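S.K.: Sharing a structure here in structure tokens format.
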Amino acid sequence: MKKIMLLFLGVLFFREGFSHPLLQNVYARQTVTLNGTWNYIVDPFDTGYFDYRQQPLKDGFFLNRKAVNPGDRFEYDFDRSATMTIPGDWNTQDERLFFYEGTVWFKKDFSYTAKPGKRVFLNFGAVNYTCNVWVNGKEAGSHEGGFTPFSFDVTALLEEGENFVIVRVNNQRRAENVPTLHFDWWNYGGITRDVMLVETPEVFIDDYLVQLPKGMTDVVEGHIRLNSPVAGVSVGLQIPELGIDRQFVTDEQGEVHFRMGARLELWSPASPRLYDVTVSGPEETLYDRIGFRNITTEGKSILLNGQPVFLKGISIHEEAPFRQGRVISREECRILLGWAKELGCNFVRLAHYPHNEHMVRTAEEMGLMVWSEIPVYWTIRFDNPPTLQNASAQLREMMERDKNRCAVVVWSVANETPHSPARDVFLENLARQVRQQDDTRLLSMAMEVSGFSDNTNKVEDYMSRLVDIISFNHYLGWYVGTPQDCKTRQWYIPYDKPFFVSEFGAGALQGYHGDPAQRWTEEYQAELYRNTLEMFDRVDGFAGTSPWILMDFRSPRRQLPYIQDFFNRKGLVSEKGVKKAAFYVLKDFYDTK
Ligand code: GCU
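The sequence shown begins at 34 in my numbering and counts up by one.
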């Protein structure tokens with residue numbers, strides 16, 4: 034054992050530099066929540082980070098200094114500043130910050146008692162958009178990307194007893210960011226998902242995969258990986274209902290790979306069967322609930338567990354029902370997904386960025402397949418290598434977090450990106466990454482109609498050869514043409530693959546009624562839904578759709594007074610939870626599928 038520990042300590046020192054290892058299934062670990070009331074300081078000129086020459090300060094706000102002598106001068110004081118609830122966006126917690134884009138500092142005091150042989154990670158479910166993190170005035174790390182989890186090893190930064198963490202969050206839009214300068218959703222800034230301390234043993238399980246191999250239904254395979262390449266460590270996998278109770282010994286990479294026969298019930302929307310799975314190490318036990326299913330395509334069909342399935346979907350933004358702001362709780366997830374179930378959905382497109390883990394797990398429990406995507410949206414800087422690195426990091430973090438979530442059946446790498454050679458190279462890189470990281474799920478992206486002639490819409494895209502499903506957005510009758518045009522419009526989709534309409538829709542103010550020709554009425558929206566669904570149902574290879582969108586959501590791009598008032602009104606449900614007429618048109622259509 035001594036030899037293992039010596040080897041381990043040497044290796045640990047080497048790996049100490051990892052700024053943020055992704056901790057698999059963080060909610061199953063020993064955690065101390067830091068959710069709750071945090072102090073915050075609005076800092077539009079980043080005074081707490083840069084000096085008047087725009088050089089990074091050595092004694093910025095992150096030191097949390099206090100005036101103790103009469104002559105001391107500090108022009109900030111966290112403890113006398115306002116407070117807000119974390120997790121939570123700042124836009125809906127302080128009306129001065131409704132439109133705010135810039136830096137806000139956050140501080141949380143906490144006490145901690147060190148435990149021998151434990152490591153401590155500071156884990157964030159997501160922070161929008163960039164953040165720098167300090168513990169007790171010492172930098173823990175930074176992260177970019179507003180919708181994926183990350184963590185920092187803070188073991189060496191903690192004090193015995195009283196501690197404080199300070200987070201500088203900036204949500205300014207920048208051309209080189211992912212997403213870029215403009216997008217059709219509210220730029221909710223802040224610490225928008227759970228924050229927690231995660232305690233682990235010195236040698237611990239930081240990652241595991243338990244899934245079905247592609248195309249098989251009676252084999253369970255995967256891996257268990259330690260945080261350090263230490264051989265000879267005993268780890269276990271138990272799935273009691275499958276009679277699986279196996280012990281393994283890690284190899285020199287600190288990993289075990291397994292593959293074993295199993296007679297199991299497959300997960301499906303009709304039967305969302307999940308199994309209790311335990312992954313254990315010498316000093317820890319991680320519990321998970323894991324389902325098993327296959328998702329493949331064959332010609333123009335999508336197959337779930339070998340059977341053709343029509344994806345009865347709806348698109349969803351991570352906008353809280355009733356109160357607006359970022360979704361935070363499992364309860365809010367259940368409300369949104371409950372409306373999707375009322376529609377008769379078996380599928381949800383979680384647009385346009387990875388939603389919180391609660392949403393994916395709740396979808397899995399409720400029997401909803403999930404399309405998950407990164408915000409490579411519209412005019413990303415495709416020619417900029419740092420932008421590709423950023424997109425690739427967000428893609429990796431999204432796929433790592435949800436690798437054991439059987440509900441996720443589609444990884445999407447883009448939405449409505451304009452054609453160009455640079456865009457094709459950028460997306461080809463992301464597509465290759467998806468294939469390398471996970472060959473068990475489908476790859477897609479939301480394309481656009483690429484041409485029109487002879488009353489025929491054409492969908493031709495360089496990426497079509499790389500994706501499994503030809504997905505595209507099109508708003509015939511809203512942005513182009515009229516709802517009546519759907520009655521005669523033809524489609525040219527020259528691929529022997531399923532096609533999926535990832536968006537169509539129309540705006541309607543809930544409660545505004547009138548002639549179906551009157552834009553913004555519920556009747557206009559319902560007519561467009563009827564005509565659009567009939568149109569696509571005539572086209573060979575129509576394998577599903579996720580109309581835009583379940584619920585009205587805030588957007589800075591929607592200014593029409595009395596109708597939009599900074600809401601995108603294409604929801605089938607208003608932000609107050611009232612269903613519109615088109616909700617029932619889609620529901621009736623899904624009832625026929
Ligand atoms: C686009 C885009 C959505 C947007 C929608 C709309 O297709 O993908 O993010 O909200 O159209 O214009 O309402």
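All C-beta atoms, glycine included, are put in the ideal place defined by N, C-alpha and C.
Since the structure is predicted, the reported quantities are computational estimates derived from the model, not experimental observations.
For the 8 angstroms Cβ check, are there 3 or more pairs between the region 152-172 and the region 105-116?
M.R.: no
S.K.: How would you call residue 69, buried or exposed, if buried means at least 16 neighbouring beta carbons within 10 angstroms?
M.R.: With fewer than 16 Cβ atoms within 10 Å of its Cβ, residue 69 is classed as exposed.
S.K.: Counting C-beta neighbours from all protein chains within 10 Å, is the total for residue 331 16 or more, i.e. buried, or is it exposed?
M.R.: exposed
S.K.: Just to confirm before moving on: does the CB-CB distance between residue 211 and residue 423 stay below 8 angstroms?
M.R.: Yes.
S.K.: Could you tell me which whole beta strand (DSSP E) segments of length 3 or greater appear in the region 331-393?
M.R.: As far as the region 331-393 is concerned, its whole beta strand (DSSP E) runs of at least 3 residues are 334-337, 344-349 and 380-383.
S.K.: So if I measure from each beta-carbon to every heavy atom of the ligand GCU and keep distances below 6 angstroms, which residues remain?
M.R.: 217, 385, 448, 449, 506, 536, 581, 601 and 603
S.K.: Would a C-beta distance cut-off of 8 angstroms place residue 305 and residue 371 closer than the cut-off?
M.R.: Between residue 305 and residue 371, the C-beta gap is not smaller than 8 angstroms, which leaves the two residues out of contact.
S.K.: Give the secondary structure of residue 47 by DSSP, where H, G and I count as helix, E and B as strand, and everything else as coil.
M.R.: Confidence is the limiting factor: at residue 47 the pLDDT is only 34, short of 50, which leaves the residue's position unreliable, though a coordinate-based value still follows. Helix at residue 47.
S.K.: Just the Cα atoms here: how many angstroms apart are residue 411 and residue 446?
M.R.: Cα to Cα, the separation comes out at about 12 angstroms.
S.K.: Report yes or no: do three or more beta-carbon pairs, one from the region 124-135 and one from the region 176-184, lie closer than 8 angstroms?
M.R.: no
S.K.: Which residues bound the alpha helix (DSSP H) around residue 626?
M.R.: Premise fails: residue 626 is in no alpha helix (DSSP H) and is neither H nor E.
S.K.: Report yes or no: do the region 204-221 and the region 146-159 share at least 3 C-beta pairs separated by less than 8 angstroms?
M.R.: no
S.K.: If we count the other Cβ atoms within 10 Å of its Cβ and call it buried at 16 or more, is residue 91 buried or exposed?
M.R.: exposed
S.K.: Smallest Cα separation from residue 629: which of 183, 182 and 174?
M.R.: With the chain covering only 34 through 626, there is no way to say anything about residue 629.
S.K.: Drop a sphere of 10 angstroms on the beta-carbon of residue 536, count the other beta-carbons inside from all chains shown, and report buried for 16 or more, exposed for fewer.
M.R.: buried
S.K.: Quick check: residue 328 and residue 337, are their CB atoms within less than 8 angstroms of each other?
M.R.: yes
S.K.: Can you tell me whether DSSP reads residue 520 as helix, strand or coil?
M.R.: Looking at residue 520 - three-state DSSP - the assignment turns out to be helix.
S.K.: When the Cα atoms are used, what is the spatial distance from residue 440 to residue 78?
M.R.: 43 angstroms
S.K.: Report the partner residues of residue 430 according to the DSSP bridge assignment.
M.R.: Per DSSP, none; premise fails for residue 430.
S.K.: In the DSSP output, which residue or residues are listed as bridge partners for residue 157?
M.R.: According to DSSP, residue 157 bridges with 183 and 228.
S.K.: Is the CB-CB distance between residue 437 and residue 230 below 8 angstroms?
M.R.: no
S.K.: From residue 396 to residue 343, what distance separates their C-alpha atoms?
M.R.: Cα to Cα, the separation comes out at about 17 angstroms.
S.K.: Please list the terminal residues of the continuous beta strand (DSSP E) segment that includes residue 319.
M.R.: 317-323
S.K.: In terms of residues, what are the limits of the alpha helix (DSSP H) holding residue 496?
M.R.: Where residue 496 is concerned, there is no enclosing alpha helix (DSSP H), given that its DSSP letter is neither H nor E.
S.K.: Going residue by residue through the region 444-492, where are the continuous alpha helix (DSSP H) segments of at least 4 residues, counting only ones entirely within it?
M.R.: 454-470
S.K.: What residues in its chain sit with their C-beta under 7 angstroms from that of residue 612, if we drop five residues either side in the sequence?
M.R.: The residues are 605 and 606.
S.K.: According to DSSP, is residue 425 helix, strand or coil?
M.R.: helix
S.K.: Taking all protein chains shown into account, decide if residue 478 is buried (16 or more other Cβ within 10 angstroms of its Cβ) or exposed.
M.R.: Under this definition residue 478 is a buried residue.
S.K.: Closest by CA to residue 120, which one among 100, 133 and 139?
M.R.: With distances taken between Cα atoms, residue 120 lies closest to 139.
S.K.: Let me check understanding here. Comparing Cα to Cα, which of 258, 308 and 264 lies closest to residue 277?
M.R.: 308
S.K.: Let's see if you can read the secondary structure: which residues bound the alpha helix (DSSP H) around residue 566?
M.R.: 555-570
S.K.: If I'm right that residue 629 touches residue 302 with Cβ under 8 angstroms, what's the distance once you round it to whole angstroms?
M.R.: Here the chain comprises residues numbered 34 to 626, so residue 629 is not present and cannot be evaluated.
S.K.: May I have the straight-line CA-CA distance separating residue 715 from residue 513, to the nearest angstrom?
M.R.: The structure shown does not extend to residue 715, since the chain is modelled only from 34 through 626, so no value can be given for it.
S.K.: Look up residue 610 in the DSSP assignment and say whether it is helix, strand or coil.
M.R.: coil
S.K.: Decide yes or no for the touch test of the region 360-377 against the region 561-574: beta carbon pairs closer than 8 angstroms, at least 3 of them.
M.R.: no
S.K.: Taking the alpha carbon of residue 507 as the point to measure from, which residue in 581, 551, 543 and 465 has its own alpha carbon closest?
M.R.: Closest option to residue 507, Cα to Cα, is 581.
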